[in-house]
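Student: This is the structure I want to talk about, given as structure tokens.
Protein chains: 2
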Amino acid sequence: MHSRTVFFVSDGTGITAETFGNAILAQFEFKPRHVRLPFIDTVDKAHQVVRQINHTGEVEGKKPIVFTTLVDMEVLKVIQDGCKGMLLDMFGTFVHPLEEELGIKSHHRVGRFSDVSRSKEYNDRIEAINFSLAHDDGQSNRDLAGADVILVGVSRSGKTPTSLYLAMQFGLKAANYPLIPEDFERKQLPPALVPYQKKIFGLTISPERLAEIRSERRPNSKYASLLNCRAEVAEAEAMMRRSGIRWLSTTTKSIEEIATTILQEVRPERLMY
Amino acid sequence: MHSRTVFFVSDGTGITAETFGNAILAQFEFKPRHVRLPFIDTVDKAHQVVRQINHTGEVEGKKPIVFTTLVDMEVLKVIQDGCKGMLLDMFGTFVHPLEEELGIKSHHRVGRFSDVSRSKEYNDRIEAINFSLAHDDGQSNRDLAGADVILVGVSRSGKTPTSLYLAMQFGLKAANYPLIPEDFERKQLPPALVPYQKKIFGLTISPERLAEIRSERRPNSKYASLLNCRAEVAEAEAMMRRSGIRWLSTTTKSIEEIATTILQEVRPERLMY
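Protein chains in written order, with the working numbering: chain D, 15 to 287; chain F, 15 to 287.
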């Protein structure tokens, strides 16, 4: 049973509102119901939102929490005037002091994504996603020179989701390459990667966690056995150490943490900041 | 030449700080330099941050803008006391009023991602990414019953990045299926999809934009010709109309907008809210 409802009201997708609101709510031992109300970009829709929020408050007997990222002042005003929830105006709170500091007015334009599909930054991001997909799991050696980063590691160490996250969030072309028994026998990195050493970053993982993850896919296989996982991880770490490759352990890290750490280490030239 | 620097200071990855800060800054005609300072989780690191920010301010002759998402009060205090930039404390600003409204204290614990790798929600997200990859571009008919949503559309209408975004951001298992000339000849949906009509959502695109996108991949091909793109799009739209499939045009939309609209339409059962 939820004790209270949290609304995320936005004239855009509401993804920013919800991501940020969730980070705030994570500071509380508190499991509210979430309602995302995106594309609230007219006064009419704002009135509907007010009715929905106030009705929820009456039913639950508690003030709903309302995070807003609204840039249209008319829409915001309808909600400020009518809503009986606790309003947390995430844009206004910071935009006004910034206007003073910068000495310029904000343009109150809706939607950082509006027709973004034509922007260079957006198209680079889509291209990065396509690149990362085409270079997943060592599928292609073509155009590795164009990669911003090349992840290596044993199978199921977290390379694929991390590559896709780097592409999606940061627009980076992230290839990834498995380290496999043949590489360990030769005691060398896959030959296709040798020219790109500076862009390589390694992922490792505890053998115990690896065995768990692999067992979900192929229970009772040699591939998933702890003995084999221990051997592969030891070989991979020894190879990365010998080759002077930076690496981290993904065992207790999220893809966000892994990606952020890689960015700090590799500092891809293409990244603007 | 950048006139001013914006810092994003976080004791976690800083991704929330930056996403939210960027949405605020997008309200201004203003191109600052961005510096992300993640994992600032000790007083020592906070002192370094203060030095870096103040040095930048002196060099540029303008107050740096400093967005923080810091939950450790000691770390935050070092920055509040020492930093000569304009401080925008994104957590404190909303956490304190929420504490009053909820009547509970926030726990000031760092990192919503800390050891998140063990959480069910996180593992579901990784599983969704793997599912979406395995079911990209009609690669597999296996376990379509397990999909939360199945996207259909002509080649290059935006299915792949949207599927991956739905998985990465919302933890949805999103399969996608191309509509190809064979389907148009039969005038029917791919047979594997028929049992799952309720979960199908269509993507279309203007033939002009499609021809542009396809031309980047295969210039001067029949595949990319405007004539062929017009025919494929008309066939696909007619088929979706006949089959009663909901659809939208991706021509001027970002993957965030497409994904949010799909969520509103399909309302997958598995989604918590």
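Think of the CB as a built atom: it goes at the ideal place given N, C-alpha and C, for glycine as much as any other residue.
If we count the other Cβ atoms within 10 Å of its Cβ and call it buried at 16 or more, is residue 302 of chain F buried or exposed?
Tutor: Outside the shown range of chain F, which is 15 to 287, sits residue 302 of chain F, and nothing can be said about it.
Student: Using DSSP's beta-bridge definition, name the partner residues of residue 272 of chain F.
Tutor: Answer by DSSP bridge pairing: none, since residue 272 of chain F is not bridged.
Student: Quick check on the burial criterion: 16 or more other C-beta atoms within 10 angstroms. Buried or exposed for residue 246 of chain F?
Tutor: It is buried - the Cβ of residue 246 of chain F has at least 16 other Cβ atoms within 10 Å.
Student: So, do the region 67 to 77 of chain D and the region 94 to 101 of chain D have three or more beta carbon pairs nearer to each other than 8 Å?
Tutor: At 8 Å Cβ cutoff, the stretches touch.
Student: So for residue 215 of chain F, helix, strand or coil by DSSP?
Tutor: Residue 215 of chain F falls in the strand class under three-state DSSP.
Student: Residue 136 of chain D versus chain F: which residues are under 8 Å apart at the beta carbon?
Tutor: Going along chain F in sequence order, the residues near residue 136 of chain D (Cβ under 8 Å) are 268.
Student: Taking the alpha helix (DSSP H) that residue 30 of chain D belongs to, which residues open and close that run?
Tutor: Looking at the DSSP string, the run of the alpha helix (DSSP H) that includes residue 30 of chain D is 29 to 39.
Student: Closest to residue 18 of chain D by CA distance: which of D:26, D:37, D:46 is it?
Tutor: If we check each option's Cα against that of residue 18 of chain D, D:46 comes out closest.
Student: Give me the Cα-Cα distance between residue 197 of chain F and residue 237 of chain F, rounded to the nearest whole angstrom.
Tutor: Taking the straight line joining both Cα atoms gives about 16 Å.
Student: Tell me the DSSP secondary structure of residue 106 of chain F in three-state form.
Tutor: Of the three classes helix, strand and coil, the one that applies to residue 106 of chain F here is helix, per DSSP.
Student: Does residue 179 of chain D get closer than 8 Å to chain F when you measure Cβ to Cβ?
Tutor: Interface residue, yes.
Student: My parser needs the alpha helix (DSSP H) runs of 4 or more residues fully inside the region 35 to 116 of chain F; what are they?
Tutor: List check, alpha helix (DSSP H) in window: 57 to 74, 87 to 96, 104 to 116.
Student: Tell me which residues of the region 40 to 67 of chain F have at least one Cβ-Cβ distance to chain D shorter than 9 Å, keeping chain order.
Tutor: Listed by position, the residues of the region 40 to 67 of chain F near chain D (Cβ gap below 9 Å) are 40, 41, 42, 43, 44, 47, 48, 49, 50, 52, 53.
Student: In terms of alpha-carbon separation, which member of D:92, D:48, D:55 lies closest to residue 65 of chain D?
Tutor: When each option's Cα is compared against that of residue 65 of chain D, the closest is D:92.
Student: I want to see whether chain F comes within less than 8 Å of residue 306 of chain D, judged by CB atoms only; does it?
Tutor: What is shown of chain D runs 15 to 287, which leaves residue 306 of chain D out entirely.
Student: Would you kindly check if the distance between the Cβ of residue 54 of chain D and the Cβ of residue 23 of chain D is under 8 Å?
Tutor: Yes, the Cβ-Cβ distance between residue 23 of chain D and residue 54 of chain D is below 8 Å.
Student: Taking the straight line between their C-alpha atoms, what separation do you get for residue 259 of chain D and residue 185 of chain F?
Tutor: Cα-Cα distance, rounded: 32 Å.
Student: Output, in chain order, the set of chain D residues within a Cβ distance shorter than 8 Å of residue 183 of chain F.
Tutor: Those within 8 Å of residue 183 of chain F in chain D are 29.
Student: Would you identify the three-state DSSP class for residue 181 of chain F, choosing helix, strand or coil?
Tutor: Of the three classes helix, strand and coil, the one that applies to residue 181 of chain F here is helix, per DSSP.
Student: Where residue 277 of chain D and residue 147 of chain D are concerned, what is the direct C-alpha to C-alpha distance, given to the nearest angstrom?
Tutor: The alpha-carbon atoms of residue 277 of chain D and residue 147 of chain D are separated by roughly 19 Å.
Student: Take residue 59 of chain F as the anchor and find which of F:151, F:178, F:26, F:143 has the nearest alpha-carbon.
Tutor: Nearest C-alpha to residue 59 of chain F: F:26.
Student: Roughly how many whole angstroms lie between the Cα atoms of residue 210 of chain F and residue 158 of chain F?
Tutor: Rounded to whole angstroms, residue 210 of chain F to residue 158 of chain F spans 8 Å at the Cα level.
Student: What residues in its chain sit with their C-beta under 7 Å from that of residue 57 of chain D, if we drop five residues either side in the sequence?
Tutor: Cβ neighbours of residue 57 of chain D beyond the five flanking positions: 88, 89, 92.
Student: If the cut is a Cβ gap below 9 Å, which residues of chain F does residue 118 of chain D touch?
Tutor: Going along chain F in sequence order, the residues near residue 118 of chain D (Cβ under 9 Å) are 42, 43, 44.
Student: Pull out every residue of the region 79 to 113 of chain D whose Cβ sits closer than 9 Å to any Cβ of chain F, in chain order.
Tutor: Flagged, chain order: 79, 81, 83, 85, 100, 102, 104, 105, 107, 108, 109, 111, 112, 113.
Student: Taking the straight line between their C-alpha atoms, what separation do you get for residue 140 of chain D and residue 174 of chain F?
Tutor: Near 10 Å, if we compare the C-alpha coordinates of residue 174 of chain F and residue 140 of chain D.
Student: Would you call the region 217 to 225 of chain F and the region 247 to 266 of chain F touching, i.e. three or more CB-CB distances under 8 Å?
Tutor: Output reads yes: the region 247 to 266 of chain F touches the region 217 to 225 of chain F.
Student: Please state whether DSSP places residue 167 of chain F in a helix, a strand or coil.
Tutor: In the structure shown, residue 167 of chain F sits in a strand (DSSP, three-state: E or B).
Student: Considering Cα atoms alone, identify which of F:202, F:49, F:218, F:273 is closest to residue 256 of chain F.
Tutor: Minimum Cα distance to residue 256 of chain F is reached at F:202.
Student: Are the CB atoms of residue 273 of chain F and residue 191 of chain F within a distance shorter than 8 Å?
Tutor: No, Cβ-Cβ distance for residue 191 of chain F and residue 273 of chain F is not below 8 Å.
Student: State the beta-bridge partners of residue 188 of chain F as determined by DSSP.
Tutor: F:163, per the DSSP bridge assignment.
Student: Would you grab the beta carbon distance between residue 161 of chain D and residue 188 of chain D for me? Rounded to a whole angstrom, and I think it's under 8 Å.
Tutor: Their Cβ separation, rounded to whole angstroms, is 7 Å, which keeps residue 161 of chain D and residue 188 of chain D in contact under 8 Å.
Student: Can you tell me where the beta strand (DSSP E) holding residue 247 of chain F begins and where it ends?
Tutor: Not the beta strand (DSSP E): residue 247 of chain F falls in the alpha helix (DSSP H), residues 240 to 257.
Student: In this structure, does DSSP put residue 193 of chain F in helix, strand or coil?
Tutor: In this structure, residue 193 of chain F counts as coil in the three-state DSSP scheme.
Student: According to DSSP, which residues form a beta bridge with residue 123 of chain D?
Tutor: Paired residues: none, contrary to the question.
Student: In terms of residue numbering, what span does the beta strand (DSSP E) encompassing residue 260 of chain D cover?
Tutor: Run containing residue 260 of chain D: 260 to 263, per the beta strand (DSSP E) assignment.
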